[in-house]
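Heads up, the sequence shown is in our numbering, so the first residue is 46 and it goes up one at a time. We treat Cβ as the ideally placed atom computed from N, Cα and C, and that holds for glycine. A quick write-up on the structure given underneath.
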Amino acid sequence: MPRRRRSAAESKRLILDAAQHQLASHGLDGMTLDAIAAEVGISRQAVLHHFGSRAGLMRAVVAEAWGGLFTELSSLKEAPPSVEGFIDSVDDVVRKKGHARIGAWLLLAGKGLPAEVFDGALAELPEQVQSLTPEGVEREDAEFGLLLVAAALFGDAIFGERLRQALGLADGEDDRAAFRSWMARRLTQTL
Numbered sequence: 046m047p048r049r050r051r052s053a054a055e056s057k058r059l060i061l062d063a064a065q066h067q068l069a070s071h072g073l074d075g076m077t078l079d080a081i082a083a084e085v086g087i088s089r090q091a092v093l094h095h096f097g098s099r100a101g102l103m104r105a106v107v108a109e110a111w112g113g114l115f116t117e118l119s120s121l122k123e124a125p126p127s128v129e130g131f132i133d134s135v136d137d138v139v140r141k142k143g144h145a146r147i148g149a150w151l152l153l154a155g156k157g158l159p160a161e162v163f164d165g166a167l168a169e170l171p172e173q174v175q176s177l178t179p180e181g182v183e184r185e186d187a188e189f190g191l192l193l194v195a196a197a198l199f200g201d202a203i204f205g206e207r208l209r210q211a212l213g214l215a216d217g218e219d220d221r222a223a224f225r226s227w228m229a230r231r232l233t234q235t236l
């Protein structure tokens, strides 16, 4: 059976997806051109053909990772109409889709984007939190509540398994869901 030729755009997309997968799984040092090429089923030279160099691929991965995170988080204004549903949606973005780990790797390696890219990127989310809570909730409470939830969920996505292990807690999906539910109840009581 002859091999199907991919378009340049399709090949670049597959390479970027593989690079993000390698980054989330193995960190920057484990993200090699050979591993990416093997995952896509192409040669290392084909990866270089599309991105010019490992540095070019890294720039594309960084832009894609941060852009994906902001896009996903911005889409939460369409989240379920409850605090718990909203928190579950944030968890889906940061943990299940791997954005927290990728972001942590990039920040720790100094491979982030310029600070101005972050300015106001998620400014609409506090309004979403306000709409999920009782009337009269101050914007500051919504902003700080969102900051608390995001920090907790990013931290949980990055080192929650080891923290639960250290505390002697279970770490299954049901246990993580119970934590998110508990957080939603506390946040609702506070707001």
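Using a Cβ-Cβ distance under 8 Å, would residue i count as near chain D?
i    : result
L193 : In the displayed structure, chain D is absent; only one protein chain is listed.
Quick one: grab the DSSP three-state call for residue i.
i    : result
K142 : coil
S226 : helix
E180 : coil
D127 : One point to set straight first is that residue 127 is Ser, not Asp, in the sequence displayed. Three-state result, S127: coil.
R207 : helix
E10  : This structure does not reach residue 10, given that the chain is present from 46 up to 236, and the question cannot be answered.
E169 : coil
G163 : The question names Gly, but residue 163 in the sequence shown is Phe. Three-state DSSP puts F163 in coil, outside helix and strand.
T233 : helix
S56  : helix
A80  : helix
A195 : helix
So residue i packs on residue j, CB below 8 Å; how close in whole Å?
i    : j    : result
V128 : L198 : About 13 Å separates the two Cβ atoms, so there is no contact after all.
L78  : R51  : 18 Å between Cβ atoms; not a contact.
A69  : G155 : Wrong, their Cβ atoms sit about 18 Å apart, outside the cutoff.
V92  : I132 : Not quite, the Cβ-Cβ distance comes to about 38 Å (not below 8 Å), so this is no contact.
L170 : L121 : 6 Å
D110 : L151 : Strictly speaking, residue 110 in this sequence is Ala, with Asp absent from that position. So it is a contact: roughly 6 Å between Cβ atoms.
Does the ligand NAD have even one heavy atom less than 7 Å from the beta-carbon of residue i?
i    : result
A160 : This structure lacks the ligand NAD, and indeed carries no ligand of any kind.
- Contiguous alpha helix (DSSP H) assignments of at least 4 residues, all confined to the segment 86-124: 89-96, 99-119
- Cβ contact check for the segment 162-172 and the segment 136-153: 3 or more pairs under 8 Å: no
- Query: Is it a yes or a no for the segment 56-71 touching the segment 97-117, going by three-plus beta-carbon pairs under 8 Å?
  - Reply: yes
- Message: Check whether the segment 202-217 and the segment 229-236 are in contact - that is, three or more C-beta pairs closer than 8 Å.
- Response: no
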